[in-house]
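Here the structure is laid out as structure tokens; the discussion comes afterwards.
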Amino acid sequence: MSDAPSYGFDTLQIHAGARPDPATGARQTPIYQTTAYVFRDADHAAALFNLQEVGYIYSRLTNPTVAVLQERIATLEGGVGAVCCSSGHAAQIMALFPLMAPGRNVVVSTRLYGGTVTQMSQTIKRFGWSAKFVDFDDLDALEAAIDDDTRAVFCESVANPGGYITDLDAVSAVADKAGLPLIVDNTSATPYLCRPIEHGATLVVHSTTKYLTGNGTVTGGCIVDSGKFDWAASGKFPSLSEPEPAYHGLKFAETFGPLAFTFHGIAVGLRDLGMTMNPQGAHYTLMGIETLSLRMERHVANAVKVSKWLEQDERVDFVTYAGLESSPYYERVSRICPKGAGGLFTFALKGGYEACVKFVNALEIFSHVANLGDTRSLVIHSASTTHRQLTAEQQEAAGAGPNMVRISIGIEDADDLIADLDQALAKASA
Ligand SMILES: *Cc1c(COP(=O)(O)O)cnc(C)c1O
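Under the working numbering, think of the first position of the sequence shown as 2, with each following residue one higher.
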């Protein structure tokens with residue numbers, strides 16, 4: 002199906018990568034709950050292990066159910082290939098792994114998911130890698146942060162905690178000029194709202210845990226390759242361009258061309274890091290993706306309605322949703338994510354910290370959880386939870402000040418959501 006570019010998004014989200022099961026005719030993609038696959042003979046086994054033939058060996062590397070999901074996400078993002086893995090955070094490490102080495106750095110946006118800030122500022126140091134945090138609205142600062150040891154540029158399309166849209170066209174122009182790949186986390190937007198590859202992204206990463214699965218059931222991640230980056234040209238990416246000792250000196254870029262990154266991700270990344278997605282998890286995500294466009298349309302419509310209502314309420318100080326005309330990022334929405342700014346945003350309560358805590362406790366439909374992108378509406382008061390350990394300045398910088406509440410708008414009736422917010426606001430300000 003990926004050979005048929007004329008199919009629309011709604012068709013591809015149901016059909017891309019899937020075909021009736023060749024053995025049984027099963028229409029829905031079966032869960033291939035198996036660890037290993039029988040070789041036809043010793044020659045077949047040898048060819049598979051040498052990467053001379055593509056096929057299934059062992060499910061740490063490849064699995065038929067996971068393979069359908071990989072093809073589906075790659076198609077929806079407009080990439081040439083994809084590798085699924087165990088979580089969004091695994092996808093970020095898997096994306097950086099072939100590019101980085103001790104002493105190398107990645108230049109990242111200051112506006113990121115909280116867990117990504119920790120991963121990039123602390124944990125990757127254990128590999129000898131480092132991250133430089135820059136305001137991606139300051140293109141001169143971005144350019145200045147790139148040095149000879151930089152191997153990638155990383156940002157989110159629609160960034161946490163909500164309301165910020167990255168100017169991907171401008172950022173990719175800077176990365177291009179420096180000869181570096183741009184990695185875009187497209188979790189909050191999904192390929193329905195934003196297609197980063199069309200704006201110059203080299204790689205797109207996802208936490209499939211969120212909107213792609215859509216109902217809060219499984220964790221997963223994915224790395225999509227645009228196939229457009231020339232890994233051999235600069236000499237900066239030896240894992241992809243130089244002989245790989247563990248495969249008899251095979252050069253991924255030379256042998257697999259535009260699929261080099263994808264093959265490396267499976268043959269080296271999953272083989273040795275082992276951050277594998279399980280077939281049951283892939284099944285849940287495949288079920289979710291079938292309705293992605295329908296859900297995203299409703300998430301966006303509800304977010305617009307609820308944010309407009311909040312914005313005019315006198316108990317609310319301000320709302321950060323980029324889909325509001327009052328947002329400084331409103332212009333970028335039509336260019337970067339023309340079908341809407343997503344379902345995630347923050348707002349400030351006039352009553353401050355105490356009012357936020359009362360408000361979160363009083364909500365009935367909204368669940369107080371550390372998650373987003375569920376069919377259910379979710380809420381979190383970052384200052385008393387996820388951002389609790391940060392200083393007051395760090396909280397402010399992260400858009401998680403004591404007066405801020407983050408909500409992930411679900412696909413329930415918008416009027417019910419508004420009524421719930423209204424009664425909780427009344428209790429919070431009583
Ligand atoms: C949740 C999330 C992640 C991390 O994904 P996990 O599946 O929880 O590991 C990364 N980036 C963004 C934007 C997220 O929302």
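Heads up, the beta-carbon is just placed ideally off N, CA and C, and yes, glycines get one too. Since the structure is predicted, the reported quantities are computational estimates derived from the model, not experimental observations.
Near residue i, what residues of its chain come up, given a Cβ to Cβ distance below 8 Å and the 5 sequence neighbours on each side ignored?
i	result
Tyr-59	Thr-36, Ala-37 and Tyr-38
His-45	Glu-54 and Gly-56
Let me make sure I understand the geometry here. Which of the options has the alpha-carbon closest to that of residue i?
i	options	result
Val-317	Asn-404, Tyr-114 and Ser-131	Asn-404
Leu-426	Leu-13, Leu-364, Val-225 and Thr-76	Leu-364
Ser-383	Gln-395, Gly-374, Pro-182 and Gly-270	Gln-395
Val-301	Glu-255, Ala-190 and Arg-389	Ala-190
Lys-178	Gly-250, Ser-409, Ser-235 and Ile-381	Ser-235
Glu-144	Thr-387, Ser-110 and Lys-340	Ser-110
Lys-340	Pro-182, Asp-150, Pro-329 and Pro-192	Pro-192
Ala-371	Val-55, Glu-291, Gly-56 and Tyr-114	Tyr-114
Cys-85	Leu-271, Gly-116, Trp-232 and Ala-46	Leu-271
Phe-10	Gly-79, Arg-61 and Asp-416	Gly-79
Asn-161	Ile-408, Ala-233, Met-276 and Ala-304	Ile-408
Cys-223	Gly-217, Leu-213 and Asp-231	Leu-213
Trp-232	Gly-402, Gly-217, Val-185 and Thr-263	Thr-263
Ser-240	Gly-217, His-265, Leu-52 and Phe-257	His-265
Ala-401	Cys-357, Asn-362, Ala-420 and Arg-377	Cys-357
Tyr-165	Leu-204, Lys-237, Asp-138 and Asp-149	Asp-138
Ala-92	Glu-298, Thr-209 and Pro-329	Thr-209
Leu-287	Lys-133, Val-118, Thr-386 and Ile-32	Ile-32
Ala-27	Thr-119, Ile-267, Thr-66 and Phe-50	Thr-66
Asp-273	Ile-94, Ala-75 and Ala-83	Ile-94
Val-307	Tyr-330, Pro-23, Asp-417 and Leu-140	Asp-417
With a Cβ-Cβ cutoff of 8 Å, do residue i and residue j count as a contact?
i	j	result
His-200	Leu-169	yes
Thr-321	Val-406	no
Gly-324	Ala-349	no
Ala-153	Pro-197	no
Val-107	Ile-147	no
Ser-378	Ile-410	yes
Gly-104	Asp-149	no
Ser-173	Ala-132	no
Ala-83	Asp-226	yes
Say the cut is 7 Å; is the CB of residue i nearer than that to a heavy atom of ligand 2?
i	result
His-388	Looking for ligand 2 in the displayed structure turns up nothing; the ligands present are ligand 1.
With a threshold of 16 other CB atoms inside 10 Å of the CB of residue i, please say whether the residue is buried or exposed.
i	result
Ala-142	exposed
Glu-157	buried
His-249	exposed
Ala-431	exposed
Ala-415	buried
Pro-41	According to the sequence displayed, residue 41 carries Arg and not Pro. Burial call: exposed.
Asn-51	exposed
Thr-124	exposed
Near residue i, what residues of its chain come up, given a Cβ to Cβ distance below 7 Å and the 5 sequence neighbours on each side ignored?
i	result
Lys-359	Lys-428 and Ala-429
Cys-195	Ser-158, Val-159, Asn-187, Ile-337 and Cys-338
Gln-14	Leu-77, Ile-290, Glu-291, Leu-293 and Ser-294
Thr-63	Tyr-57 and Ile-267
Ala-171	Leu-140
For residue i, which residues of its own chain have a beta-carbon under 6 Å away from its beta-carbon, when the five flanking residues on both sides are left out?
i	result
Arg-296	Gly-215 and Ile-412
Ala-393	none
Gly-18	Val-69, Glu-72 and Arg-73
Val-219	Gly-282 and Tyr-285
Met-2	Only weak support exists for where Met-2 lies, its pLDDT of 48 falling under 50; the coordinates are left without a value.
Tyr-354	Pro-403
Can you check the region 130–183 for any beta strand (DSSP E) of at least 3 residues that lies completely inside it and give the ranges in chain order? Counting only runs that start and end inside the region 130–183, the beta strand (DSSP E) elements of at least 3 residues fall at 131–135 and 151–157.
For a minimum of 3 consecutive residues, which ranges assigned as the beta strand (DSSP E) are wholly contained in the region 256–339? Whole beta strand (DSSP E) segments, 3+ residues: 317–320.
Can you check the region 198–244 for any beta strand (DSSP E) of at least 3 residues that lies completely inside it and give the ranges in chain order? Every beta strand (DSSP E) stretch that sits fully inside the region 198–244 and reaches 3 residues is listed by chain position as 204–208 and 222–226.
Please go through the region 50–95 and give each complete beta strand (DSSP E) segment of 3 or more residues, from N-terminal end onward. Taking only runs of at least 3 residues, the beta strand (DSSP E) segments lying wholly in the region 50–95 are 82–86.
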